[in-house]
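Input: a single structure, listed below in structure tokens.
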Amino acid sequence: MHKQRNFVQKTSLFLKGLAMGAANKVPGVSGGTVSFVFGFYEELIYSFRKINLIALKLLLNGRFSSFYKYVNGQFLLLIMGGSIFSYFSISLVLDYFLANYELYVWSWFFGMIIGSIYYIGKDFGEWSTKNIISLVIGASIGLGISFLTPATENDNLWFVFVCGIIGVSGMTLPGLSGSFILILLGNYVLLLVDSVNELFHIIVRLLSGDFKVLSDPVKMRYLKIISVFTAGSAFGLVSISHVLGYVLKRWNQIVNAVIIGFITGSLGIVWPWKKATFLNINGNIQLDKKGNKIIENYERFIPDFSNIETWIAIFYVALGIGLILVIDYYGRKKK
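First residue of the sequence shown: 1, per full-length UniProt numbering; consecutive thereafter.
Here it is as structure tokens:
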């Protein structure tokens with residue numbers, strides 16, 4: 001599984017990490033789907049599974065070079081480095097486009113997920129009754145999740161740790177959007193917007209020599225929250241990867257059928273023509289601690305085909321599908 005990579009391949013892997021990180025931050029889109037489509041999903045699961053007791057012993061004994069090789073360190077550094085960098089770069093660009101061109105962004109994602117279903121399903125093999133049932137189960141769960149009602153914000157550190165475990169699942173489970181699950185848990189804004197922004201400000205101020213920031217109770221609260229969330233995410237990545245590695249090895253086709261179904265069901269979350277409905281109690285829209293409206297769910301509707309905006313959105317759907325088909329074409333050409 002360990003591969004010797006040249007500079008171009010390393011750069012490509014970092015860029016794939018960027019894409020995965022950006023996808024993980026967008027509600028409805030799964031970083032796991034990105035890794036599946038870009039062809040590094042199995043290596044990702046394999047590498048996370050290598051973070052085990054043997055790796056810990058190598059680390060504690062000071063055998064850093066052996067540890068690095070054992071856990072496929074180069075791959076993990078490039079992918080995770082790209083993902084982390086994305087939170088402070090690509091995802092900020094995505095935030096801008098979601099705020100100003102929401103319909104077109106969702107349309108592009110919708111198209112890419114349709115393309116991904118084709119991409120993953122074309123080489124599936126035999127669709128036996130067992131596999132079809134697995135597909136339907138995966139699609140039903142994915143669709144069911146899209147209609148759940150979110151909870152309210154909760155900054156209890158144990159709950160934040162659990163959010164880390166569940167939120168990171170989108171990186172290891174294609175079709176499951178960790179960000180959307182965090183919306184359902186009520187902590188999306190707290191963990192992936194406010195805490196990430198505060199962490200960025202703390203780092204900038206520390207680098208500029210301003211250490212007074214460490215005595216700011218508000219900043220420290222967010223630093224504590226993001227630290228616990230990160231710890232939960234790390235724990236979730238390793239533990240879920242071990243489970244996934246086990247089931248993929250023994251029931252590969254069934255698991256892949258469930259994944260394809262899950263991705264298909266997630267189209268309900270990414271449906272472009274929707275508007276957010278906000279938590280409303282006794283006629284008053286509820287706000288979180290930062291003054292942002294709390295999203296209760298999304299109201300989906302059929303587009304108006306007499307509207308030029310609809311046709312532009314359909315063009316972006318086609319563009320998203322086309323992008324995946326181009327990736328597929330060049331992937332087959334390399335073989």
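Cβ atoms here follow ideal geometry from the backbone N, Cα and C, with glycine treated the same way.
As the structure is a computational prediction, the values presented were derived from the model and not from experiment.
Contact set for residue i: own chain, Cβ-Cβ below 8 Å, skip 5 residues either direction
| i | result |
| --- | --- |
| A139 | G261, F262, T264, G265 |
Residue interval of the alpha helix (DSSP H) (run including residue i)
| i | result |
| --- | --- |
| K69 | 64 to 70 |
| F118 | The sequence given here has Tyr at residue 118, not Phe. Per DSSP, Y118 belongs to the alpha helix (DSSP H) from 102 to 121. |
| E42 | 41 to 49 |
| W158 | 157 to 167 |
| S233 | 217 to 250 |
| N197 | 195 to 207 |
| K212 | Element bounds for K212: n/a, residue is neither H nor E. |
| I302 | Premise fails: I302 is in no alpha helix (DSSP H) and is neither H nor E. |
| N131 | 129 to 146 |
For residue j and residue i, the rounded distance between their alpha carbons
| i | j | result |
| --- | --- | --- |
| L58 | K16 | 29 Å |
| A22 | G31 | 8 Å |
| F36 | S239 | 19 Å |
| F97 | V105 | 7 Å |
| residue 344 | L78 | Given that the chain is displayed from residue 1 to residue 335, the structure contains no residue 344 and the question cannot be resolved. |
| L206 | I226 | 17 Å |
| L148 | D210 | 44 Å |
| I166 | A99 | 26 Å |
| E153 | L190 | 7 Å |
| K69 | N256 | 29 Å |
| L44 | K212 | 39 Å |
| F48 | N307 | 47 Å |
| I314 | T33 | 22 Å |
Cutoff 7 Å; reference residue i; Cβ partners in own chain excluding five residues on either side
| i | result |
| --- | --- |
| F161 | V228, A231, G232 |
| C163 | L182, L185, N187, L191, F229, G232 |
| L237 | F48, V168, M171, T172 |
Same chain only: Cβ atoms within 6 Å of residue i, ignoring 5 sequence neighbours per side
| i | result |
| --- | --- |
| P303 | W273, T310 |
| L157 | V228 |
| Y119 | V37, I324, D328 |
| S66 | L58 |
| K275 | E299 |
>> Check whether the segment 190 to 201 and the segment 127 to 140 are in contact - that is, three or more C-beta pairs closer than 8 Å.
In response: No contact exists between the segment 190 to 201 and the segment 127 to 140.
> For the segment 104 to 120 against the segment 310 to 324, are there 3 or more C-beta pairs whose distance is under 8 Å?
Replying inline: Result yes; three or more Cβ-Cβ pairs closer than 8 Å.
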